[in-house]
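Counting in our numbering, the sequence shown runs from 524 upward without gaps.
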Amino acid sequence: MNLILFGPPGAGKGTQAGSLCAEFGMVQVATGDIFRRNLKQNTDLGQLARSFMDEGQLVPDEVVWKLVEDRLGDEDVQSGVLFDGFPRTVKQSELLVAWAESSGWKLAGVVALEVPDEQLVRRLSGRRTCLDCGSTYHVDHNPPAVEGTCDRCAGKVVQRSDDTEATVKARLATYHQQTAPVLEFFDSKGLVSRVDGVGGIDGVAGRIRTALG
Ligand code: AP5
Ligand code: MG
Ligand code: ZN
524 MNLILFGPPG
534 AGKGTQAGSL
544 CAEFGMVQVA
554 TGDIFRRNLK
564 QNTDLGQLAR
574 SFMDEGQLVP
584 DEVVWKLVED
594 RLGDEDVQSG
604 VLFDGFPRTV
614 KQSELLVAWA
624 ESSGWKLAGV
634 VALEVPDEQL
644 VRRLSGRRTC
654 LDCGSTYHVD
664 HNPPAVEGTC
674 DRCAGKVVQR
684 SDDTEATVKA
694 RLATYHQQTA
704 PVLEFFDSKG
714 LVSRVDGVGG
724 IDGVAGRIRT
734 ALG
């Protein structure tokens with residue numbers, strides 16, 4: 524099964540992705556995680572992405588699509604993909620749909636997590652992220668067992684550089700202007716299930732399962 528897990532910054536895409544992938548045999552493809560990995564390894568792609576990410580802006584569509592198209596050719600994703608943070612513009616959505624039509628790849632649906640902006644700001648300011656595997660935590664709602672250490676890989680857990688107040692505001696504005704229209708695009712194809720993303724992590728997980736039938 525191929526799914527898009529959609530939602531604004533802080534909606535819980537990364538938090539929900541792990542168990543969904545395990546349960547439905549999908550591989551998570553999170554463009555933001557790929558950029559952060561590149562940044563850590565100091566690649567050209569990482570340097571390019573940083574200039575946009577730190578401003579709360581989107582990385583250009585052609586750069587994102589090249590990366591995703593290459594990734595879709597990998598052996599491990601043939602059994603199913605869970606997109607997290609992609610597509611983020613109507614252009615990216617059109618590129619994916621055109622590619623899917625030409626390659627026989629089928630999108631099962633778009634699960635859209637809905638969370639009001641005030642909550643998103645609270646979640647992002649308390650979020651902590653593993654530098655090594657990208658797992659996300661929250662100082663109040665979902666802390667690692669040992670402070671500063673990742674439960675999954677024992678990596679260092681820190682605050683993401685784009686989770687500062689100013690950048691969070693810019694990311695939310697970018698979402699409303701450029702990313703929210705993606706939902707209308709997939710709505711017109713009858714592919715969107717909206718899920719209330721407010722409340723405990725397990726409650727949201729249950730509602731996603733209900734939406735998936
Ligand atoms: P990206 O890494 O995709 O970030 P994002 O979309 O801003 O989303 P987040 O990762 O911030 O939120 P999330 O929904 O994963 O929430 P999480 O589960 O962590 O992108 C970063 C940047 O890269 C972009 O700004 C852009 O520059 C660039 N980029 C990436 N993809 C791109 C693309 N396709 N095109 C162009 N540019 C691209 O949860 C948040 C917090 O809330 C955590 O602390 C968590 O523990 C907590 N939480 C989760 N669920 C709950 C709950 N139910 N109750 C309470 N707390 C909860
Ligand atoms: Mg994320
Ligand atoms: Zn980790």
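Virtual Cβ for every residue (Gly too), placed ideally from N, Cα, C.
Values in this document were obtained by computation on a predicted structure and should not be read as measured data.
By Cβ distance, which residues of its chain are closer than 6 Å to residue i, with the 5 residues on each side in sequence left out?
{"i": "Phe529", "result": "Val633 and Ala635"}
{"i": "Thr702", "result": "Arg611"}
{"i": "Val582", "result": "Ala572 and Phe575"}
{"i": "Ile527", "result": "Phe606 and Val633"}
Ordered along the chain, which non-local residues of its own chain (more than five positions away) have a Cβ less than 7 Å from that of residue i?
{"i": "Ala728", "result": "Gln539 and Ser542"}
{"i": "Leu695", "result": "Pro531, Pro532, Asp640 and Leu643"}
Please tell me whether residue i and residue j are closer than 8 Å, where the distance is taken between their beta carbons.
{"i": "Asn525", "j": "Lys614", "result": "no"}
{"i": "Val715", "j": "Thr612", "result": "no"}
{"i": "Tyr660", "j": "Arg651", "result": "yes"}
{"i": "Asp663", "j": "Gly678", "result": "no"}
{"i": "Val550", "j": "Val591", "result": "no"}
{"i": "Thr672", "j": "Gln580", "result": "no"}
{"i": "Gly720", "j": "Glu637", "result": "yes"}
For the alpha helix (DSSP H) containing residue i, list its first residue and its last residue.
{"i": "Leu654", "result": "Run containing Leu654: none; DSSP gives neither H nor E here."}
{"i": "Leu595", "result": "Asp584 to Leu595"}
{"i": "Thr733", "result": "Ile724 to Leu735"}
{"i": "Glu578", "result": "Run containing Glu578: none; DSSP gives neither H nor E here."}
When you compare only the Cα positions, how much space is there between residue i and residue j?
{"i": "Arg594", "j": "Val600", "result": "8 Å"}
{"i": "Asp655", "j": "Phe606", "result": "20 Å"}
{"i": "Lys692", "j": "Pro639", "result": "13 Å"}
{"i": "Ser711", "j": "Arg717", "result": "14 Å"}
{"i": "Leu619", "j": "Glu670", "result": "39 Å"}
{"i": "Gln570", "j": "Lys563", "result": "9 Å"}
{"i": "Ala553", "j": "Met576", "result": "14 Å"}
{"i": "Asp597", "j": "Lys589", "result": "13 Å"}
{"i": "Gly723", "j": "Val587", "result": "32 Å"}
{"i": "Gly548", "j": "Asp686", "result": "30 Å"}
{"i": "Ala737", "j": "Gly627", "result": "Nothing can be reported for residue 737: it is not among the residues displayed for the chain, which extend from 524 to 736."}
If I follow the unbroken beta strand (DSSP E) through residue i, where does it start and stop?
{"i": "Ser716", "result": "Val715 to Asp719"}
{"i": "Thr702", "result": "Neither: Thr702 is in no beta strand (DSSP E) and is coded neither H nor E."}
Can you have a look at residue i and say buried or exposed, based on whether 16 or more other CB atoms are within 10 angstroms of its CB?
{"i": "Ala572", "result": "buried"}
{"i": "Ala534", "result": "buried"}
{"i": "Cys676", "result": "exposed"}
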